[in-house]
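Undergrad: Mind having a look at this structure? Questions to follow.
Protein chains: 2
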Amino acid sequence: MAGKDIEKLIKVVAKLPALGQRSARRIVLQLLKKRESLLLPLISALRDVADNVKTCEICGNFDTESPCPICSSNARDASLICVVQDVADLWAMERGGMFRGKYHVLGGILSALDGVSPEDLNIEKLFYRIEKEGINEVILALPATVDGQITTNYLMQKLKPFNIKISTLAQGIPIGGELDYLDEGTIQLALNSRKLL
Amino acid sequence: MAGKDIEKLIKVVAKLPALGQRSARRIVLQLLKKRESLLLPLISALRDVADNVKTCEICGNFDTESPCPICSSNARDASLICVVQDVADLWAMERGGMFRGKYHVLGGILSALDGVSPEDLNIEKLFYRIEKEGINEVILALPATVDGQITTNYLMQKLKPFNIKISTLAQGIPIGGELDYLDEGTIQLALNSRKLL
Chain R
3 MAGKDIEKLI KVVAKLPALG QRSARRIVLQ LLKKRESLLL PLISALRDVA DNVKTCEICG
63 NFDTESPCPI CSSNARDASL ICVVQDVADL WAMERGGMFR GKYHVLGGIL SALDGVSPED
123 LNIEKLFYRI EKEGINEVIL ALPATVDGQI TTNYLMQKLK PFNIKISTLA QGIPIGGELD
183 YLDEGTIQLA LNSRKLL
Chain W
3 MAGKDIEKLI KVVAKLPALG QRSARRIVLQ LLKKRESLLL PLISALRDVA DNVKTCEICG
63 NFDTESPCPI CSSNARDASL ICVVQDVADL WAMERGGMFR GKYHVLGGIL SALDGVSPED
123 LNIEKLFYRI EKEGINEVIL ALPATVDGQI TTNYLMQKLK PFNIKISTLA QGIPIGGELD
183 YLDEGTIQLA LNSRKLL
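First to last, the sequence lines map onto chains R and W.
Take 3 as the starting number for the first sequence in my numbering and just add one per residue.
Take 3 as the starting number for the second sequence in my numbering and just add one per residue.
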């Protein structure tokens with residue numbers, strides 16, 4: 003059909019998240035049509051990322067510097083660490099710009115199904131940081147799923163001996179959430195944690 | 003938030019068809035996590051395409067060779083040309099593998115709205131090919147839209163003096179099409195072109 007190089011590129015692009023054979027083909031065609039304005043800039047942007055981006059040795063964030071700007075910032079509360087599953091979650095927190103502490107990226111959560119055990123996660127480093135960096139509080143901002151809960155419980159147990167504050171994100175009705183569209187679990191949870199006005 | 007290089011890559015990826023800011027971010031994170039198995043292979047596949055793929059000087063197809071394998075094939079009926087809007091349409095025809103003639107890619111269709119006039123399309127080359135290559139029949143396989151119809155009509159007028167067969171793809175109910183889900187235009191068209199059994 004198309005040349006070997008084109009077929010190979012379509013196959014690689016189809017491996018990207020949320021893309022299939024069909025959308026990969028459309029993307030590759032667009033790249034071929036817009037060689038100067040899309041294909042070459044994409045190659046150079048990918049090259050720059052491949053050459054310059056590293057994993058932050060302290061928190062696990064991706065950045066061109068290690069330690070990353072968040073870890074090396076003096077304007078942030080170094081006594082407060084927010085533990086997240088993934089760099090994506092760190093970015094999501096940063097988009098809001100409401101958190102002024104530091105982060106720790108676990109690189110996953112415990113999962114019996116996927117065979118993820120504590121040794122697979124970036125946990126030892128967390129304990130090390132708590133000891134060395136004078137941490138007062140750890141916020142466990144892990145997913146509100148069964149595996150997320152299990153990981154949160156596991157970390158809570160392990161963090162107890164450190165004698166620091168441990169917290170999790172509040173759960174309840176999201177902003178704009180209509181009861182009609184929410185699952186019963188969320189509604190029950192919001193009901194149980196209801197606040198007196 | 004993320005490093006400059008990452009932000010730049012997200013911006014470029016978000017320009018690809020059907021991708022937005024959110025999916026671009028997810029893709030870039032995946033690339034960063036799978037550096038060896040995804041990021042580097044993607045760069046090398048893009049590099050190969052950028053270095054090797056050209057536009058076929060005869061039909062307008064994309065391939066590593068010019069003329070492309072379809073144009074230089076002896077197994078194909080050189081007296082039959084199928085005119086398509088885009089390389090994507092050529093690929094769609096080839097996926098079926100039912101067409102054994104050659105192609106001609108217009109590179110667009112006439113459009114008053116988008117300001118596309120005949121000079122913007124690969125039309126002169128088509129006339130040249132008809133004269134030089136001993137073409138017997140031209141199949142106009144352009145989109146079944148208003149602009150596609152206008153382009154088909156325009157080409158029909160221009161092709162008349164050549165004294166060759168001119169045809170278009172049949173229109174009607176697609177395979178698996180349920181009347182309930184089809185627009186009235188298609189149903190009326192299928193009714194008007196109904197076949198006696």
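Backbone N, C-alpha and C define an ideal beta-carbon position, used for all residues, glycine too.
Keep in mind that this is a model prediction, so the values were computed, not measured.
Rounding to the nearest angstrom, what Cα-Cα distance links T57(W) and D65(W) in this structure?
TA: 6 Å
Undergrad: Can you have a look at K162(R) and say buried or exposed, based on whether 16 or more other CB atoms are within 10 angstroms of its CB?
TA: exposed
Undergrad: Using the beta-carbon of each residue, which ones in chain R are nearer than 8 Å to N54(W)?
TA: G5 and D7
Undergrad: Count the C-beta pairs between the segment 153 to 172 of chain W and the segment 123 to 133 of chain W that are closer than 8 Å, then say yes if the count reaches three, no if not.
TA: They touch, by the three-pair rule.
Undergrad: Am I right that S68(R) and E59(R) are in contact with their C-beta atoms under 8 Å? What's the rounded C-beta distance?
TA: 5 Å
Undergrad: How about V30(W) and L44(R): do their beta carbons lie closer than 8 Å?
TA: Cβ atoms of V30(W) and L44(R): not closer than 8 Å.
Undergrad: Chain R beta carbons: is any one of them nearer than 8 Å to that of L199(W)?
TA: Not an interface residue.
Undergrad: Distance, Cα to Cα, D210(R) vs G22(W)?
TA: There is simply no residue 210(R) to check, as chain R begins at 3 and stops at 199 in what is shown.
Undergrad: Compare the C-beta of D149(W) against all C-beta atoms of chain R and say whether one is closer than 8 Å.
TA: no
Undergrad: D185(W) CB to nearest chain R CB: under 8 Å?
TA: no
Undergrad: Tell me whether N155(W) is buried or exposed, calling it buried when 16 or more other Cβ atoms sit within 10 Å of its Cβ.
TA: So N155(W) ends up on the exposed side.
Undergrad: Kindly indicate which three-state DSSP category C70(R) falls into: helix, strand or coil?
TA: coil
Undergrad: Determine whether the beta carbon atoms of M95(W) and V86(W) lie at a separation below 8 Å.
TA: The answer is yes: Cβ separation under 8 Å.
Undergrad: Determine the contact status of G178(R) and S195(R), defining contact as a CB-CB distance below 8 Å.
TA: no
Undergrad: For the beta strand (DSSP E) containing I141(R), list its first residue and its last residue.
TA: E139 to L142
Undergrad: Could you spell out the range, first to last residue, of the alpha helix (DSSP H) harbouring L184(W)?
TA: No alpha helix (DSSP H) holds L184(W); DSSP gives it neither H nor E.
Undergrad: Can you name the start and end residues of the beta strand (DSSP E) that K104(W) belongs to?
TA: K104 to V107
Undergrad: Excluding five sequence neighbours on each side, which residues of the same chain lie with their C-beta closer than 6 Å to the C-beta of A26(R)?
TA: Closer than 6 Å at the Cβ level, and outside the excluded window around A26(R), lie I12, V15 and A16.
Undergrad: At the level of alpha carbons, what is the spacing between L24(W) and C70(W)?
TA: The amino acid at residue 24(W) is misidentified as Leu; the sequence shows Arg. Each residue's Cα considered, the two are about 37 Å apart.
Undergrad: For Y183(W), does the count of other Cβ atoms within 10 angstroms reach 16, so buried, or fall short, so exposed?
TA: exposed
Undergrad: Can you tell me where the alpha helix (DSSP H) holding K160(R) begins and where it ends?
TA: V148 to L161
Undergrad: Beta-carbon separation of D79(W) and I111(W) under 8 Å?
TA: Not closer than 8 Å, so no.
Undergrad: Assign L144(W) to one of two classes, buried (16 or more other C-beta atoms within 10 Å of its C-beta) or exposed (fewer than that).
TA: buried
Undergrad: Between D50(W) and chain R, is there a C-beta pair that is closer than 8 Å?
TA: yes
Undergrad: Is it buried or exposed, D7(W), if we count other Cβ atoms within 10 angstroms and call 16 or more buried?
TA: Counting Cβ neighbours within 10 Å, D7(W) comes out buried, since at least 16 surround it.
Undergrad: Using a Cβ-Cβ cut-off of 6 Å (strictly less than) and excluding sequence neighbours within five positions of L82(W), which residues of its own chain qualify?
TA: G103 and E139
Undergrad: R28(R) and A20(W): beta carbons closer than 8 Å?
TA: For R28(R) and A20(W), yes; Cβs fall inside 8 Å.
Undergrad: Please check if any C-beta of chain R sits within less than 8 Å of the C-beta of V140(W).
TA: no
Undergrad: Looking only at C-alpha atoms, which of L191(R), E186(R) and K35(R) sits nearest to G62(W)?
TA: Minimum Cα-Cα distance from G62(W) among the listed residues L191(R), E186(R) and K35(R) corresponds to K35(R).
Undergrad: Suppose you measure from the CA of T188(W) to the CA of L181(W); what does that come to, to the nearest Å?
TA: 9 Å
Undergrad: State the start and end residues of the unbroken beta strand (DSSP E) segment that holds K167(W).
TA: Under the DSSP assignment, K167(W) falls in the beta strand (DSSP E) whose first and last residues are K167 to T170.
Undergrad: Got a sec, what are the start and stop residues for the alpha helix (DSSP H) V118(R) sits in?
TA: Counting along the chain, V118(R) falls outside any alpha helix (DSSP H), and DSSP gives it neither H nor E.
Undergrad: For K10(R) and A114(R), what's the separation of their Cα atoms in angstroms?
TA: 35 Å
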